[in-house]
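The listed protein sequences correspond, in order, to chains A and B.
The first sequence runs 62 to 537 under our numbering.
The second sequence runs 4 to 145 under our numbering.
Shown next, in structure tokens, is the structure this report addresses.
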Amino acid sequence: MLSLFRKKDVNVLINNASPLKRTLRTWDLTFLGIGAIIGTGIFVLTGKGALTAGPALSVSFLIAAICCGFAGLCYAEFASMAPIAGSAYTYSYIAFGEIIAFIIGWDLILEYALSAATVAVGWSGYFTSLLDSLGIHIPQALAAAAGTTPGVTSYFNLPAFLVVLIITWIISMGITQTKRVNDTMVIIKLAVIILFIACTVWFIKPQNWHPFSPYGWYSHHNGTATGIIPGASIVFFSFIGFDSVSSSAEETINPSKTLPRGILLSLVVSTILYFCMTLTMTGVVRYPVFQKYINAPILAVLAKTGQNWLSIIVSIGAILGMTTVILVQLYGQSRISYSMSRDGLFPKFFGQVDQKHQTPFKGTWFFGIITALGAGLINLNILSELVNIGTLTAFILVSAGILIMRYTQPDLHRGFKAPGVPFTPIVSIAFCLMLVAGLNWETWVRFFIWLALGLIFYFSYGRRHSHLNAVNQGGI
Amino acid sequence: MVYQNILVGIDGSKRADKAFETAIELAKAFRAKLYLVWVVNRDRGMDSSFGVNEDFYQDFAVRTRKKLQPYLKKALDKENNASAEVVVGSIKTILAYDYPKQHDIDLIVLGSTGINAVEKMLQGSHTDYVVRHADVDVLVVK
Numbered sequence: 062m063l064s065l066f067r068k069k070d071v072n073v074l075i076n077n078a079s080p081l082k083r084t085l086r087t088w089d090l091t092f093l094g095i096g097a098i099i100g101t102g103i104f105v106l107t108g109k110g111a112l113t114a115g116p117a118l119s120v121s122f123l124i125a126a127i128c129c130g131f132a133g134l135c136y137a138e139f140a141s142m143a144p145i146a147g148s149a150y151t152y153s154y155i156a157f158g159e160i161i162a163f164i165i166g167w168d169l170i171l172e173y174a175l176s177a178a179t180v181a182v183g184w185s186g187y188f189t190s191l192l193d194s195l196g197i198h199i200p201q202a203l204a205a206a207a208g209t210t211p212g213v214t215s216y217f218n219l220p221a222f223l224v225v226l227i228i229t230w231i232i233s234m235g236i237t238q239t240k241r242v243n244d245t246m247v248i249i250k251l252a253v254i255i256l257f258i259a260c261t262v263w264f265i266k267p268q269n270w271h272p273f274s275p276y277g278w279y280s281h282h283n284g285t286a287t288g289i290i291p292g293a294s295i296v297f298f299s300f301i302g303f304d305s306v307s308s309s310a311e312e313t314i315n316p317s318k319t320l321p322r323g324i325l326l327s328l329v330v331s332t333i334l335y336f337c338m339t340l341t342m343t344g345v346v347r348y349p350v351f352q353k354y355i356n357a358p359i360l361a362v363l364a365k366t367g368q369n370w371l372s373i374i375v376s377i378g379a380i381l382g383m384t385t386v387i388l389v390q391l392y393g394q395s396r397i398s399y400s401m402s403r404d405g406l407f408p409k410f411f412g413q414v415d416q417k418h419q420t421p422f423k424g425t426w427f428f429g430i431i432t433a434l435g436a437g438l439i440n441l442n443i444l445s446e447l448v449n450i451g452t453l454t455a456f457i458l459v460s461a462g463i464l465i466m467r468y469t470q471p472d473l474h475r476g477f478k479a480p481g482v483p484f485t486p487i488v489s490i491a492f493c494l495m496l497v498a499g500l501n502w503e504t505w506v507r508f509f510i511w512l513a514l515g516l517i518f519y520f521s522y523g524r525r526h527s528h529l530n531a532v533n534q535g536g537i
Numbered sequence: 004m005v006y007q008n009i010l011v012g013i014d015g016s017k018r019a020d021k022a023f024e025t026a027i028e029l030a031k032a033f034r035a036k037l038y039l040v041w042v043v044n045r046d047r048g049m050d051s052s053f054g055v056n057e058d059f060y061q062d063f064a065v066r067t068r069k070k071l072q073p074y075l076k077k078a079l080d081k082e083n084n085a086s087a088e089v090v091v092g093s094i095k096t097i098l099a100y101d102y103p104k105q106h107d108i109d110l111i112v113l114g115s116t117g118i119n120a121v122e123k124m125l126q127g128s129h130t131d132y133v134v135r136h137a138d139v140d141v142l143v144v145k
């Protein structure tokens, strides 16, 4: 049984490392964080969120942000223990052993696929609307997955399917986007959000905010979880990426002070933006109206205010921003499956690096096609729930790991120590568990099926093919 | 003006190989030290959650180190004072700023990049960037 928790030797990994320069200050970190957070969740999931929590969705954002804050501190310590070891997956392999590493890797594969699919569905929502305003109409049956909007017959989300395939092709050719393109996209997204708030805030009718919280904290309505906490479980996605601040501990000047400030400030700024945005949206449009605009909720507001010009600008901004997010997510997915294959936990197929393009070509296409099918066939109601459970689980494991490592290996190098241990990791775990609890039970079932499949795969394949087998046999 | 520390960017492409040949001859003529640099492009624009990309870059660097050895051997065979290094980072900033500063480089030799429209839009030409931003002389071998 012990071999389930067999570990990699940390010294092997440190061989190739070079120390990083400490250059980042609080403001650098804050901008880094805002840039990573202001993603596309706000463009895609506010509709589903508003249906779940009503105007109180703004409070949901606060709760999700608090959860991110605590999880971010824990992840910062985790990342600073392994600045050179590589990914969270590889580090788990060193610290917690093979089976935990496998579960985290398996989780992240699902996570990247689903977030790419979720964003692609939103992309498709804004794209079809943009085409509409240009007079090109895509048949409804091919513009959304089955069951997206009640009463509307739809089968397949063709634009989402195609955009994922095109981006898969770009990644498989070894093309990446530069930081400058990425920064430009962040500015575009920020500008779109601020422009949107500035132009629509005048149309708010306070009576739309009554009742403010139609479903309370947590309730069930027509068989689905509703209320502020389930809303927070959904919009958690809007904060994904905040851990980029955490992982820069080794490049930060005076991390024990700077890092918590950076995490806090970037979360505060983005939460204020999200808060204003949600209040504006639910103030202009009564929340049930979002039902019809589930894939592109912002357009519900602009249809109401009649600002057609603005909806074109918002659509273009959202489409540009989302394209690069899909790119990054699919890239991450091909890399995590590469790492697992390299360690023998996944078939070699996924780890083969193409000579010409220097990319894991086959693995990229394999998961690209599956993600594209997911984006085409699964509706946003299901995607929006599934997308968070993987990340939340990964954060629970990381926070628990911090707690355990403080007792088992207190002398280990830590570039950053999370303040308030054991309080911080326990609160982090509690918040993550609360958000998991806010998801529908169908989501848990789907997730446990995924996990069970993973464990079957691990015991029938990964365990026997793990490269640690060869290492260990040498020792015996 | 005699160049003393010459940097040549290598990426395994034919154009870069041509630049490498030129750089060897130049280094020999000037009796300069030749720095062979192969950058594994790690762009912050592609960072994703949980640092999942890092493993790939590190493995890439290990593979690249092996591929760089024949170049170093060839340079040393021609009686050049040469060193070879694989660096993980943004190709543009390393070739234009970081490496030249650290090693007192006074000439950068690069091959002209042949990239298509999609690549140009997303990442731009590395050579163009270095030509525009480097503080020292840049020679683009066509």
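C-beta atoms are modelled at their ideal positions from N, C-alpha and C, and glycine is treated no differently.
Status (buried if at least 16 other CB within 10 Å, exposed otherwise) for residue i
i: N76 of chain A; result: A caution first: N76 of chain A carries a pLDDT of 48, below 50, which makes its placement in the model unreliable, though a value can still be read off. The residue is exposed, with fewer than 16 neighbouring Cβ atoms inside 10 Å.
i: G437 of chain A; result: buried
i: Y468 of chain A; result: exposed
i: P73 of chain B; result: exposed
i: S214 of chain A; result: The sequence given here places Thr at residue 214 of chain A; Ser does not occur at that position. Counting Cβ neighbours within 10 Å, T214 of chain A comes out exposed, since fewer than 16 surround it.
i: R475 of chain A; result: buried
i: G292 of chain A; result: buried
i: G212 of chain A; result: exposed
i: K84 of chain A; result: Sequence inspection shows Thr at residue 84 of chain A; the Lys mentioned does not correspond to that position. T84 of chain A is exposed by the Cβ-count criterion.
i: Q268 of chain A; result: exposed
i: L500 of chain A; result: buried
i: Q61 of chain B; result: buried
i: G536 of chain A; result: In this prediction, G536 of chain A has a pLDDT of 39, which is less than 50 and means its spatial position is unreliable; what the coordinates show is noted afterwards. That one is exposed.
i: I98 of chain A; result: buried
i: A78 of chain A; result: Confidence in A78 of chain A is poor, its pLDDT being 48 and thus under 50, which makes the residue's placement unreliable; the coordinate value appears in the next sentence. Exposed, by the Cβ-count rule.
i: A242 of chain A; result: The residue you asked about is not Ala; residue 242 of chain A is Val in the sequence shown. Buried, since its Cβ has 16 or more Cβ neighbours within 10 Å.
i: S489 of chain A; result: buried
i: E82 of chain B; result: exposed
C-beta atoms of residue i and residue j nearer than 7 Å
i: S460 of chain A; j: C135 of chain A; result: yes
i: V448 of chain A; j: F298 of chain A; result: yes
i: S153 of chain A; j: I161 of chain A; result: yes
i: K240 of chain A; j: R45 of chain B; result: no
i: P483 of chain A; j: L453 of chain A; result: no
i: A64 of chain B; j: V43 of chain B; result: yes
Whole-number beta carbon distance between residue j and residue i, since they are thought to touch under 8 Å
i: V90 of chain B; j: V40 of chain B; result: 6 Å
i: Y102 of chain B; j: L29 of chain B; result: In fact, because the Cβ distance is near 17 Å, the residues do not count as touching under 8 Å.
i: G92 of chain B; j: A22 of chain B; result: With a Cβ gap of about 20 Å, G92 of chain B and A22 of chain B do not count as contacting.
i: Y399 of chain A; j: G382 of chain A; result: About 26 Å separates the two Cβ atoms, so there is no contact after all.
i: H129 of chain B; j: T116 of chain B; result: 6 Å
i: A361 of chain A; j: V346 of chain A; result: 5 Å
i: P316 of chain A; j: S141 of chain A; result: 7 Å
i: G332 of chain A; j: I265 of chain A; result: In the sequence under discussion, the amino acid at residue 332 of chain A is Thr, which differs from the Gly named in the question. Their Cβ separation, rounded to whole angstroms, is 20 Å, which puts T332 of chain A and I265 of chain A out of contact at 8 Å.
i: I155 of chain A; j: K69 of chain A; result: 5 Å
i: I295 of chain A; j: S307 of chain A; result: Actually they do not touch by this definition, with Cβ atoms about 23 Å apart.
i: V143 of chain B; j: L98 of chain B; result: Rounded, the Cβ-Cβ distance is 12 Å, inconsistent with contact.
i: P339 of chain A; j: L203 of chain A; result: Checking the displayed sequence, the identity of residue 339 of chain A turns out to be Thr instead of Pro. At roughly 31 Å, the Cβ-Cβ gap does not stay under 8 Å, so T339 of chain A and L203 of chain A are not in contact.
Contact list for residue i against chain B, beta-carbon separation under 8 Å
i: L500 of chain A; result: Chain B residues near L500 of chain A: none, gap ~19 Å exceeds 8 Å.
i: H339 of chain A; result: The amino acid at residue 339 of chain A is misidentified as His; the sequence shows Thr. By Cβ distance, chain B contributes nothing, its closest Cβ being about 23 Å from T339 of chain A, past 8 Å.
i: K240 of chain A; result: D46, R47, G48 and S93
Neighbouring residues, chain A, relative to residue i (Cβ below 7 Å)
i: S16 of chain B; result: Those do not exist, as S16 of chain B stays about 11 Å from chain A at its closest Cβ, beyond 7 Å.
i: D62 of chain B; result: R403
Residue i, enclosing beta strand (DSSP E) - first and last residue
i: V40 of chain B; result: K36 to N44
i: S331 of chain A; result: No beta strand (DSSP E) holds S331 of chain A; the alpha helix (DSSP H) holding it covers P316 to V345.
i: I9 of chain B; result: N8 to G12
i: I108 of chain B; result: I108 of chain B -> no beta strand (DSSP E), and no H or E assigned at all.
i: D50 of chain B; result: No beta strand (DSSP E) contains D50 of chain B, which DSSP labels as neither H nor E.
i: A117 of chain A; result: That residue, A117 of chain A, is in no beta strand (DSSP E); it is neither H nor E in DSSP.
Residue range of the unbroken alpha helix (DSSP H) whose run includes residue i
i: L90 of chain A; result: T87 to I98
i: A32 of chain B; result: K17 to F33
i: D130 of chain B; result: The sequence given here places Thr at residue 130 of chain B; Asp does not occur at that position. Taken as a continuous stretch (DSSP letters only), the alpha helix (DSSP H) holding T130 of chain B covers H129 to H136.
Residue i beta carbon near the ligand NAD (any heavy atom closer than 6 Å)
i: S521 of chain A; result: No copy of the ligand NAD appears in this structure; indeed no ligand is present at all.
Interface residues of chain B facing residue i [CB-CB closer than 7 Å]
i: L169 of chain A; result: F53 and V55
Cross-chain neighbours of residue i in chain A, by beta carbon under 8 Å
i: F33 of chain B; result: What F33 of chain B touches in chain A: nothing, since even the nearest Cβ is about 30 Å away.
i: F59 of chain B; result: R396, Y399, S400 and P421
i: S20 of chain B; result: For the sequence presented, residue 20 of chain B should be read as Asp rather than Ser. Near D20 of chain B there are no residues of chain A at all, since even the closest Cβ is about 16 Å away, more than 8 Å.
Residues that residue i contacts on chain B, provided the C-beta gap is smaller than 9 Å
i: G393 of chain A; result: M49, D50, S51, S52, F53, V55 and N56
i: D304 of chain A; result: S52, F53 and G54
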